[in-house]
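K.L.:
Provided herewith is a single structure, encoded as structure tokens, for subsequent inquiry.
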Amino acid sequence: MSHPHPDLSAPAPLPAGGLRVIPLGGLGEVGRNMTVFEYDGRLLIVDCGVLFPEDHHPGVDLILPDFHPIRDRLDAVEALVLTHGHEDHIGATPYLLRERGDIPLVGSKLTLALLGSKLREHRLKETAQYEVAEGQTITFGPFVLEFVAVNHSIPDALAVVIRTGAGVVLHTGDFKMDQLPLDGRITDLNEFARLGDEGVDLFLTDSTNAEVPGFTTSEKDIAPVLDRVFAKSDQRIIVACFASHVHRVQQVLDAAVAHGRKVGYVGRSMVRNMAIAQDLGYLTVPPGVMVEAKELADLPPHKQVLISTGSQGEPMAALSRMSQNNHHFVQLQPGDTVVLASSLIPGNENAVYRVINGLARLGANVVHKGNSLVHVSGHASAGELLYCYNIVKPRNVMPVHGEIRHMLANAELARATGVENVVLAEDGVVVDLVDGVAKIVGKVDVGYVFVDGTTIGDISEASMKDRRILGEEGFLSVIVVVDSVTGKVVSGPEIHARGFAEDETTFDEVKQPIIDAINASIAEGATDSYQLQQTVRRVVGRWVNRAHRRRPMIIPVVIEA
1 MSHPHPDLSA
11 PAPLPAGGLR
21 VIPLGGLGEV
31 GRNMTVFEYD
41 GRLLIVDCGV
51 LFPEDHHPGV
61 DLILPDFHPI
71 RDRLDAVEAL
81 VLTHGHEDHI
91 GATPYLLRER
101 GDIPLVGSKL
111 TLALLGSKLR
121 EHRLKETAQY
131 EVAEGQTITF
141 GPFVLEFVAV
151 NHSIPDALAV
161 VIRTGAGVVL
171 HTGDFKMDQL
181 PLDGRITDLN
191 EFARLGDEGV
201 DLFLTDSTNA
211 EVPGFTTSEK
221 DIAPVLDRVF
231 AKSDQRIIVA
241 CFASHVHRVQ
251 QVLDAAVAHG
261 RKVGYVGRSM
271 VRNMAIAQDL
281 GYLTVPPGVM
291 VEAKELADLP
301 PHKQVLISTG
311 SQGEPMAALS
321 RMSQNNHHFV
331 QLQPGDTVVL
341 ASSLIPGNEN
351 AVYRVINGLA
361 RLGANVVHKG
371 NSLVHVSGHA
381 SAGELLYCYN
391 IVKPRNVMPV
401 HGEIRHMLAN
411 AELARATGVE
421 NVVLAEDGVV
431 VDLVDGVAKI
441 VGKVDVGYVF
451 VDGTTIGDIS
461 EASMKDRRIL
471 GEEGFLSVIV
481 VVDSVTGKVV
491 SGPEIHARGF
501 AEDETTFDEV
511 KQPIIDAINA
521 SIAEGATDSY
531 QLQQTVRRVV
541 GRWVNRAHRR
551 RPMIIPVVIE
561 A
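Residue numbers (the UniProt record's numbering): 1 to 561.
If you want it as structure tokens, here you go:
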């Protein structure tokens, strides 16, 4: 097994006839999926998604892949292939198109439709779009692409086969092997086997559930659980799920009809996405079941169902507002049932449990994956991955899509089936496929690109560290006035604190040490205010750490009078 090394240097030029793989996101995290393939001087991108911020990203709306390694080569991009319509695979596309607006987009009908509404929100002109389906082949420059049906938690997901002179690559995208899917569209194992017989040189495969033994539970197993939840509830039911989870919404609609309830959508993305899914025939809405969410209040509580966004605890989403009792038209009542019909994305646990606690505090009966089978994963478990390795028989394997522990588990599964060359890479680690062998050849610098309101990429890791310090440790400002002639302190130190200590007398004991340190620095030859500010920072920092075990942000100001 090949592991990335922290001291990797920039890769050498790609050898003639070789294929280069550059992951810009999605390896070492669940989200931000984006992989660049290079052959004969031309580039192909597969997926371009976002990562949602965690608690340690204060003020951040979205996190994008780092486009820097290809920014000066965007003219060489032949196309962007989108495997399916989830945000972690399409959400960053508008930001890429801001840098080159005419990149051809390739995806299934539903995927392109969901992306189209996003492009309109960003007020971007629609670029050339190529709608594809399983079984189709399309060529962009030196890349011949074939598409294979895969089952996932959103309709119309596709794996992509990439053929170049360097060999055959199979990228699964996100997939599982549900044998009883709601839409009847199973992962095409016949095609996987045919490709295996032909010869797959590099297999990039979903790692998310590689630690989970056995096979992922079928979507159909959720229907009886939802039926029982509906049967037991005699008040309003609120179901929170991903705004793109068409299958889950279908199950809720069917349960509502069976129990004589009306349904309303809450959340702009839910309303938009389900309208698209219904228009394209992916969602079947029984006549008479849908009403405007605000009009549900006119019905008795036992006739109401709301389908809401916010299953991941997003602070601005509808469910979070309900849990804080500040939603503009939904006020929870004791006895209401709230169903969180989604899994926990790693990193969102604290936010989700805050929402659950808020809902419970308001008297809601909260049903979630921890106490009922109200969600099944959209990703293949270990048994399914083993099955795929045995039928694809790849020469080289590169686990993708997952945290490090997921990719390590996936790598071990590949080795267990006899795959000799497993390349374990991370974001920015470059892998070359040359003469049928994949290996790590270097690393490009990549990082998080933060979206903060209208600001994109201007927030650095240092700024994020400052925000975390402000939020967790507090803020101290220290103002000292020094006589420019005598060098003596004539006013201060005046110390102000935020988020640290309410009692200003707390700082009395450090004021004299600040004065003494300034006098000593001036006696030793310090002449400018910057040097004196650093002296103040050191004295206050040592005192705060020793006396209070804290590391607040310290802003010293020395004024010469």
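Ideal Cβ placement from N, Cα and C applies to all residues, glycine included.
Note that the structure is predicted; figures quoted are calculated from it, not measured.
If distances are taken between C-alpha atoms only, which option among VAL419, PRO556, GLU426 and PRO11 comes closest to VAL437?
P.N.:
VAL419
K.L.:
Measure the alpha-carbon distance for GLN333 versus GLU295 and round it to whole angstroms.
P.N.:
17 Å
K.L.:
Taking the alpha carbon of THR187 as the point to measure from, which residue in TYR130, LEU408, CYS241 and ILE154 has its own alpha carbon closest?
P.N.:
ILE154
K.L.:
Unbroken alpha helix (DSSP H) runs of length 4 or more, entirely within the segment 94–148: which are they?
P.N.:
Within the segment 94–148, the complete alpha helix (DSSP H) runs of at least 4 residues are 109–121.
K.L.:
So for LYS443, helix, strand or coil by DSSP?
P.N.:
strand
K.L.:
I need the DSSP call for LYS220, collapsed to helix, strand or coil.
P.N.:
The answer is helix: DSSP assigns LYS220 an H, G or I state.
K.L.:
For PHE329, does the count of other Cβ atoms within 10 angstroms reach 16, so buried, or fall short, so exposed?
P.N.:
Exposed.
K.L.:
Note down the Cα distance separating GLU403 from ILE356, rounded to an integer number of angstroms.
P.N.:
25 Å
K.L.:
Decide if GLN251 is buried, meaning its Cβ has at least 16 other Cβ atoms within 10 Å, or exposed.
P.N.:
buried
K.L.:
Secondary structure at ILE154, three-state DSSP: helix, strand or coil?
P.N.:
coil
K.L.:
Between which two residues does the beta strand (DSSP E) containing LYS511 stretch?
P.N.:
Element bounds for LYS511: not the beta strand (DSSP E) but the alpha helix (DSSP H), 508–523.
K.L.:
Quick test of your reading: GLY335 and SER308, contact by CB under 8 Å. State the CB separation rounded to the nearest angstrom.
P.N.:
Going by Cβ atoms, the distance from GLY335 to SER308 rounds to 18 Å, so no, they are not a contact pair.
K.L.:
Please give me, in chain order, every unbroken run of the beta strand (DSSP E) with length at least 3 that falls completely inside the segment 396–453.
P.N.:
396–400, 429–434, 437–443 and 449–452
K.L.:
Where does SER320 land, buried or exposed, given buried means 16+ other C-beta within 10 angstroms?
P.N.:
buried
K.L.:
Report back the beta-carbon spacing between SER491 and VAL481 to the nearest angstrom; my notes put them in contact at under 8 Å.
P.N.:
4 Å
K.L.:
Could you check how far apart the C-beta atoms of GLY31 and GLY49 are, in whole angstroms? I think they sit under 8 Å.
P.N.:
Contact holds; Cβ gap of about 6 Å.
K.L.:
Can you check which of these residues, PHE52, ARG20 and LEU27, is closest to ASP40 by C-alpha distance?
P.N.:
Of all alpha-carbon atoms in PHE52, ARG20 and LEU27, the one lying nearest the alpha-carbon of ASP40 is that of ARG20.
K.L.:
Name the DSSP bridge partner or partners of TYR39?
P.N.:
LEU19 and ARG42
K.L.:
Could you work out which residue in LEU74, PRO142 and HIS152 is closest to THR111 when comparing CA atoms only?
P.N.:
HIS152
K.L.:
Excluding five sequence neighbours on each side, which residues of the same chain lie with their C-beta closer than 8 Å to the C-beta of PRO69?
P.N.:
ILE22, LEU24, VAL36, GLY428, VAL444, ASP445 and VAL446
K.L.:
Which term fits ASN232, buried or exposed, when burial requires 16 or more other beta carbons within 10 angstroms of its beta carbon?
P.N.:
It should be pointed out that residue 232 corresponds to Lys in this sequence rather than to Asn. Classification of LYS232: exposed, given that the 10 Å Cβ count is below 16.
K.L.:
Nearest-angstrom Cα distance between LYS439 and ALA128?
P.N.:
34 Å
K.L.:
Where in the segment 178–262 do unbroken runs of the beta strand (DSSP E), each at least 3 residues long, occur, reported from the N-terminal end onward?
P.N.:
202–206 and 237–240
K.L.:
In angstroms, rounded to a whole number, what distance separates the CA positions of MET270 and LEU114?
P.N.:
Each residue's alpha carbon lies about 11 Å from the other.
K.L.:
Hey, would you say ALA159 sits closer than 7 Å to THR172, going by beta carbons?
P.N.:
yes
K.L.:
Measure the Cβ-Cβ separation of VAL239 and VAL339 and say whether it is below 7 Å.
P.N.:
yes
K.L.:
Ends of the beta strand (DSSP E) at VAL485?
P.N.:
Counting along the chain, VAL485 falls outside any beta strand (DSSP E), and DSSP gives it neither H nor E.
K.L.:
Looking at the structure shown, is ALA351 part of a helix, part of a strand, or coil, going by DSSP?
P.N.:
Taken through DSSP and simplified to helix, strand or coil, ALA351 comes out as helix.
K.L.:
Could you compute how far the alpha carbon of VAL558 sits from the alpha carbon of ARG551?
P.N.:
21 Å
K.L.:
Whole-angstrom Cβ separation of LEU14 and ASP432, contact assumed at under 8 Å?
P.N.:
6 Å
K.L.:
Nearest to VAL106 by CA position, among THR83, HIS89 and LYS125, is which residue?
P.N.:
Ranked by Cα distance from VAL106, the first of THR83, HIS89 and LYS125 is THR83.
K.L.:
Which term fits ARG71, buried or exposed, when burial requires 16 or more other beta carbons within 10 angstroms of its beta carbon?
P.N.:
exposed
K.L.:
DSSP beta-bridge partners for GLY25?
P.N.:
MET34
K.L.:
Which stretch, first to last residue, makes up the beta strand (DSSP E) that contains VAL169?
P.N.:
That run of the beta strand (DSSP E) goes 167–171.
K.L.:
What is the rounded straight-line gap between the Cα of MET322 and the Cα of GLN331?
P.N.:
Each residue's Cα considered, the two are about 6 Å apart.
K.L.:
Taking all protein chains shown into account, do 16 or more other C-beta atoms lie within 10 angstroms of the C-beta of PRO286, making it buried, or fewer, making it exposed?
P.N.:
exposed
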